[in-house]
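Letter 145 of the sequence shown, counting from 1, is numbered 145 in the numbering used here, and no numbers are missing. Take a look at the structure below.
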Amino acid sequence: MRILFTPVAATATPLFHLVPLAWAFRAAGHEVRVAVLPDLAQAVTATGLPVAEVGRDYKIMDGVIASRGGHRVIEAPASEWTRSGLASADGATSAPPPADQAGLADLRNAAMAPLVEGAARMTPDLLRFAERWRPDLVVTDSMVFAAPIVAARLGIPLVRHTWGPDVMRMISQPLQGFSDAGDVRGQWPVGLPELYDHHGVEVRNDHPLRTVDPWPTSLQLPGMTGRLPVRFVPYNGAAAVPDWALDRPGRPRVCVTWGTSTAALAGDEAFVLPRVVDALAGMDVEVVLAISAADRVKLGSLPDNARVAENVPLHLFMPSCSAIVNQGGTSSLLTAACFGVPQVMMPQTADNPFNAANYNASGAGITLDPTRATNDEIH
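Given below as structure tokens:
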């Protein structure tokens, strides 16, 4: 078969969640292509998968930051999703009261506007590519709104792929039970129904046949139809394995990481890694800072017990770690969980507070408020 993958081009992290499945198809003898906006093409090439650039260049993350009114953090550990009535800390979902529905619609439209714009730029080229290559199956990130249009136009089976709690189903398509029954167009972000209309595709919620879901069942939002649970396979990018990662250290190794999305969305003023490093400086542990080159320059001098693993994928050294301090991002959380590494989560933005609250409730981690946590609490 020919399988077309369409990851969202916000950061490389959503792409990484698709890579193990794409390589599994290749190993089984199928043909694979990964279609992305130009901004993500280099990251796809680095995975060894063949890439097809589609659409005009558009930096989705820049659009997301602009839609939020600039860099912003969550004011408290309670999640934005909870405040919007989408889910409580224990994962239960409920419709918001009528007075809150207008605010929920505003949240949906602001949050989804960059994704709708990305779909508008991507759809014509993606359609032309699919017409020429003729895939037998499309596997898409739930945030790529162009894929259902192309699959429906060409009669290709569509499978959705998640990489965390299925908030996209709750705040974009569909908002089941949050508006009048049958009002599909009213549930979708502004501009998306019109994009479907433009390409002659019916506006409906059931385009995907199944949803491949590596997020743990106990942490997933309820109500997902056609769910196909799969084991999470950690892949955080390609790099050489550092020598120090091959052996168990003489003292406990603590990974500290912050994720690319959190760094971009929260901004420099919310960067708390220096405080975390300071809290761990006096402990008999080895601190490994898994960060980007951009974040490295914000740290300044480091204590003797710390080393920097710049752009080193987490899965290459996580088995040697005794603990991890992270932001509650899906990739960091799942990678650490896969290797049984205890987690301290300090969520700041996006769905991270929701992830951390639910993981904490499972008993597998600890959540600290990054705006209030003291050195004693961190260590």
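Even for Gly, the Cβ is constructed at its ideal location relative to N, Cα and C.
C-beta atoms of residue i and residue j nearer than 7 Å
i: Val138; j: Leu158; result: yes
i: Leu54; j: Met122; result: Looking at the sequence provided, one finds Val at residue 54 rather than Leu. Against a cut-off of 7 Å, the Cβ pair of Met122 and Val54 comes out as a contact.
i: Ile324; j: Val308; result: no
i: Ala281; j: Pro303; result: yes
i: Pro20; j: Val233; result: yes
i: Pro319; j: Leu299; result: no
i: Val190; j: Ile149; result: no
i: Val32; j: Ala24; result: no
i: Ala46; j: Ala238; result: yes
i: Leu221; j: Asp295; result: no
i: Val116; j: Leu4; result: no
i: Pro14; j: Trp163; result: yes
Residue i versus the options, residue with shortest Cα-Cα distance
i: His207; options: Cys255, Pro214, Ala151 and Trp133; result: Ala151
i: Pro347; options: Asn326, Val341 and Gly363; result: Asn326
i: Asp284; options: Arg275, Phe129 and Pro249; result: Pro249
i: Trp133; options: Asp197, Pro189, Trp23 and Ile156; result: Ile156
i: Gly363; options: Asp351, Asn355 and Asp369; result: Asn355
i: Thr140; options: Thr211, Pro274, Glu31 and Tyr235; result: Thr211
i: Arg357; options: Leu15, Ser301, Ser218 and Gly29; result: Looking at the sequence shown, residue 357 is not Arg but Ala. Nearest option by C-alpha distance: Ser218.
i: Trp244; options: Val233, Pro216 and Glu286; result: Glu286
i: Leu18; options: Gly29, Pro114 and Val44; result: Val44
i: Ala240; options: Phe317, Glu131 and Gln343; result: Phe317
i: Ile291; options: Cys321, Ser301, Asn305 and Val256; result: Val256
i: Ser271; options: Gly186, Phe129 and Val297; result: Here residue 271 is Phe; the residue named in the question, Ser, does not match the sequence. Closest option to Phe271, Cα to Cα, is Val297.
i: Leu154; options: Ser142, Ala146 and Ala130; result: Ala130
i: Phe339; options: Ala306, Asp57, Cys321 and Arg26; result: Cys321
i: Thr349; options: Ala146, Ala306, Gly259 and Asp125; result: Gly259
i: Arg56; options: Pro124, Leu246, Gly48 and His30; result: Pro124
i: Asn205; options: Trp188, Pro216 and Trp215; result: Trp188
i: Trp215; options: Ser301, Thr335 and Asp247; result: Thr335
i: Arg128; options: Ala306, Ala146 and Arg26; result: Ala146
i: Val344; options: Val276, Ala306 and Asp247; result: Val276
i: Leu126; options: Ala52, Pro114 and Ser142; result: Ala52
Straight-line gap, residue i to residue j (C-alpha atoms, nearest Å)
i: Arg2; j: Met112; result: 30 Å
i: Asn360; j: Gly223; result: 22 Å
i: Ala119; j: Val254; result: 40 Å
i: Pro370; j: Pro353; result: 11 Å
i: Gly365; j: Ala337; result: 9 Å
i: His161; j: Asp278; result: 39 Å
i: Arg83; j: Asp136; result: With a pLDDT of 38 at Arg83, under the threshold of 50, the modelled position of that residue is not reliable, and no figure is offered here.
i: Phe16; j: His198; result: 31 Å
i: Gly226; j: Leu209; result: 7 Å
i: Tyr235; j: Leu195; result: 33 Å
i: Ala293; j: Val184; result: 44 Å
i: Gly40; j: Asp213; result: Going by the sequence as given, residue 40 is Leu instead of Gly. For Leu40 and Asp213, the distance between alpha carbons rounds to 23 Å.
i: Val288; j: Thr367; result: 20 Å
i: Gln176; j: Gly186; result: Summary for Gln176: the model assigns pLDDT 34, below 50, so the residue's position carries little reliability, and this model does not support an answer.
i: Ala12; j: Arg372; result: 30 Å
i: Leu246; j: His30; result: 33 Å
i: Ser142; j: Pro242; result: 34 Å
i: Gln42; j: Leu228; result: 30 Å
i: Gly70; j: Pro114; result: Confidence at Gly70 is low in this model, with a pLDDT of 48, below 50, so the placement of that residue should be treated as unreliable; the coordinate-derived value is given next. Taking the straight line from one Cα to the other gives about 14 Å.
i: Gly48; j: Arg26; result: 11 Å
i: Asn305; j: Asp351; result: 32 Å
Residue i at chain D interface by Cβ criterion, 7 Å
i: Asn236; result: Looking at the structure shown, chain D is missing, and only one protein chain is on hand.
Near the ligand MG: residue i beta-carbon under 6 Å from a heavy atom
i: Thr349; result: The ligand MG is not part of this structure, which contains no ligands at all.
Inset, instruction - Taking only runs that begin and end inside the stretch 105-161, name each unbroken alpha helix (DSSP H) of 4 or more residues, in chain order. - result: 146-154
Inset, instruction - Taking 8 Å as the threshold, find out whether the stretch 4-16 comes into contact with the stretch 36-50 through three or more Cβ pairs. - result: yes
Inset, instruction - Count the C-beta pairs between the stretch 330-340 and the stretch 302-312 that are closer than 8 Å, then say yes if the count reaches three, no if not. - result: no
Legend entry - Length at least 3, wholly inside the stretch 313-379: the beta strand (DSSP E) runs in chain order: 323-326, 343-345 and 365-367
Legend entry - 4 or more residues per run - each alpha helix (DSSP H) lying fully within the stretch 188-273: 192-198 and 260-266
Inset, instruction - May I have a chain-ordered list of the beta strand (DSSP E) segments no shorter than 3 residues that lie completely inside the stretch 269-298? - result: 286-291
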